[in-house]
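Enquirer: First residue of the sequence shown? That's 28 in this note's numbering, and the numbers climb one at a time after it.
Glycine included, C-beta positions come from ideal geometry on N, C-alpha and C.
Keep in mind that this is a model prediction, so the values were computed, not measured.
If you scroll down you'll find the structure; I have some questions about it.
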Amino acid sequence: MTKIYAVVNQKGGVGKTTTVINLSAYLASNGRKTLLIDIDPQANATSGLGVDKNAVDPTTYDILLEQATVDEAVLPLPDFKIDILPSSPSLSGAEVELVNAIGREYRLQKALEGVNGRYDYILIDCPPSLSLLTINALTAAKDGVLIPVQCEYLALEGLSQLTQTVELVQKYLNPNISIRGLMMTMYDSRTNLSRQVVEEVRGYFPGKVFRTIVPRNVRLSEAPSFGQPINIYSPHSPGAIAYKVLAAELLKGDQVKETSA
Ligand code: ADP
Ligand code: MG
28 MTKIYAVVNQ KGGVGKTTTV INLSAYLASN GRKTLLIDID PQANATSGLG
78 VDKNAVDPTT YDILLEQATV DEAVLPLPDF KIDILPSSPS LSGAEVELVN
128 AIGREYRLQK ALEGVNGRYD YILIDCPPSL SLLTINALTA AKDGVLIPVQ
178 CEYLALEGLS QLTQTVELVQ KYLNPNISIR GLMMTMYDSR TNLSRQVVEE
228 VRGYFPGKVF RTIVPRNVRL SEAPSFGQPI NIYSPHSPGA IAYKVLAAEL
278 LKGDQVKETS A
């Protein structure tokens with residue numbers, strides 16, 4: 028059974044794209060057939076994996092407009108053992124073009140029926156908004172949402188709005204959705220603030236925060252400019268190790284859920 032997760036936080040710069048790229052890479056290196064879907068018009072996951080976002084075609088845009096199938100748009104990245112459904116800046120127009128379209132919230136979900144069972148994991152990188160693009164991701168994410176939270180002042184800001192959006196999606200569009208987990212990113216062990224933020228988020232979302240904490244690590248910020256995930260760019264860096272352990276934690280949790288279901 029395919030696990031489909033949306034990686035969401037309407038705040039920008041919290042580590043969504045970094046998490047999607049590197050979690051995908053480690054799920055794949057653990058032998059899981061993995062598809063990364065970029066549904067952000069900024070297309071940072073696309074370019075961060077070495078795909079030219081201005082040249083690639085078809086993209087997620089064509090999927091949402093029903094001008095291409097997922098099969099036609101998916102690019103295999105054999106060096107990283109993952110497949111990507113790339114994005115491009117044209118995706119920013121999709122919102123307007125879909126405004127009166129029937130079933131506009133279900134476009135991605137419907138399209139993914141075409142690759143049903145082909146992947147073990149599908150991770151969707153969302154834009155920093157609760158727009159129709161994010162709603163498409165939430166509607167398709169049958170196994171829930173992963174929420175990266177930056178270990179910074181005001182980390183919790185916006186999370187209640189996000190939780191409400193997830194609840195609305197659950198009520199009207201995708202009854203299966205729930206918060207699969209929150210991951211703390213850009214942890215700075217030299218500051219008390221980071222530690223306090225982790226405690227605060229754990230208090231607010233008891234049992235939902237992954238034990239693995241991703242440290243602030245310059246290698247993670249360098250890797251996208253080389254078009255590589257961290258397991259290739261700098262496999263022994265603290266950032267790489269964190270994402271490797273995070274992937275293992277996700278896999279283990281999913282197995283526990285499956286055997287208890
Ligand atoms: P989002 O997708 O939520 O906007 P990104 O993943 O693009 O966030 O991260 C924002 C910026 O922070 C990027 O420049 C990225 O390279 C950097 N970054 C993300 N995670 C880390 C980390 N753990 N350590 C250092 N830099 C990071
Ligand atoms: Mg991003």
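#1: Counting C-beta neighbours from all protein chains within 10 Å, is the total for Gln136 16 or more, i.e. buried, or is it exposed?
#2: Return helix, strand or coil for Val78, following the three-state DSSP convention.
#3: In whole angstroms, give me the CA-to-CA distance for Lys169 and Leu200.
#4: For a test of your reading of the model: does the CB of Asn244 fall under 7 Å from any non-hydrogen atom of ligand 1? Yes or no.
#5: Helix, strand or coil for Asp89 per DSSP?
#6: Check whether the segment 68-79 touches the segment 101-116, taking contact to mean three or more Cβ pairs, one atom from each stretch, closer than 8 Å.
#7: With distances taken Cα to Cα, identify the nearest neighbour of Leu173 among Thr86, Val97 and Ala274.
#8: Would you say the beta carbon of Thr44 comes nearer than 7 Å to a heavy atom of ligand 2?
#9: Tyr180: buried (16+ other C-beta within 10 angstroms of its C-beta) or exposed?
#10: Can you tell me whether DSSP reads Arg229 as helix, strand or coil?
#11: Look at the Cβ atom of Leu247, then the Cβ atom of Ile259, and state whether they are nearer than 8 Å.
#12: For a test of the three-state rule: what should DSSP assign to Ala33, helix, strand or coil?
#13: Are the Cβ atoms of Thr166 and Val196 separated by less than 8 Å?
#14: Give the DSSP-derived three-state secondary structure of Leu173 in the structure shown.
#15: Restricting to Cα atoms, I'd like to know which of Thr192, Pro155, Ala182 and Val123 is closest to Gly171.
#16: Can you check DSSP and say which residues form a bridge with Pro103?
#17: Just to confirm, does Met213 get its C-beta within under 7 Å of one of the non-hydrogen atoms of ligand 1?
#18: Tell me the residue span of the alpha helix (DSSP H) that contains Gly280.
#19: Going by beta-carbon coordinates alone, are Leu63 and Ala70 separated by less than 8 Å?
Expert: The answer reads as follows:
#1: Within the sequence shown, the letter at position 109 stands for residue 136. Classification of Gln136: buried, given that the 10 Å Cβ count is 16 or more.
#2: Stepping through the sequence shown from its first residue, residue 78 is reached at position 51. In the structure shown, Val78 adopts coil according to DSSP, grouped into three states.
#3: Locating residue 169 in the sequence shown gives position 142, counting from the first residue. Locating residue 200 in the sequence shown gives position 173, counting from the first residue. Counting only the Cα atoms, Leu200 lies some 11 Å from Lys169.
#4: Start at 1 with the first residue of the sequence shown, and residue 244 comes out as number 217. For Asn244, the shortest separation between its Cβ and any heavy atom of ligand 1 lies below 7 Å.
#5: In the sequence shown, counting from the first residue as 1, residue 89 sits at position 62. In this structure, Asp89 counts as helix in the three-state DSSP scheme.
#6: Touching, yes, given that three or more Cβ pairs across the two stretches are closer than 8 Å.
#7: On the sequence shown, residue 173 is found 146 positions in, with the first residue counted as 1. The candidate whose alpha carbon is nearest that of Leu173 is Ala274.
#8: Counted from its first residue, the sequence shown places residue 44 at position 17. With a threshold of 7 Å, the Cβ atom of Thr44 counts as near ligand 2, since some heavy atom of the ligand is closer than that.
#9: Along the sequence shown, read from residue 1 onward, the residue named residue 180 stands at position 153. Result: exposed.
#10: Working through the sequence shown from its first residue, we reach residue 229 at position 202. Annotated three-state conformation of Arg229 is helix, per DSSP.
#11: Within the sequence shown, the letter at position 220 stands for residue 247. Within the sequence shown, the letter at position 232 stands for residue 259. No. Outside cutoff.
#12: What you label residue 33 is simply residue 6 of the sequence shown in a count that begins at 1. Note: Ala33 maps to strand in three-state DSSP.
#13: Within the sequence shown, residue 166 is the residue found at index 139, counting from 1. Within the sequence shown, residue 196 is the residue found at index 169, counting from 1. Yes, these two residues count as a Cβ contact at 8 Å.
#14: Stepping through the sequence shown from its first residue, residue 173 is reached at position 146. If DSSP states are grouped into helix, strand and coil, Leu173 belongs with the strands.
#15: Counted from its first residue, the sequence shown places residue 171 at position 144. For the residues Thr192, Pro155, Ala182 and Val123, the minimum Cα distance to Gly171 belongs to Thr192.
#16: The residue given as residue 103 occupies position 76 in the sequence shown. DSSP output for Pro103 lists Asp110 as bridge partner(s).
#17: Counting from one through the sequence shown, the residue named residue 213 turns up at place 186. Because some heavy atom of ligand 1 lies under 7 Å away, the Cβ of Met213 counts as near it: yes.
#18: On the sequence shown, residue 280 is found 253 positions in, with the first residue counted as 1. Start and end: Pro265 to Ser287.
#19: By one-based count along the sequence shown, residue 63 stands at place 36. By one-based count along the sequence shown, residue 70 stands at place 43. No, the pair does not count as a contact, with Cβ atoms beyond the cut-off.
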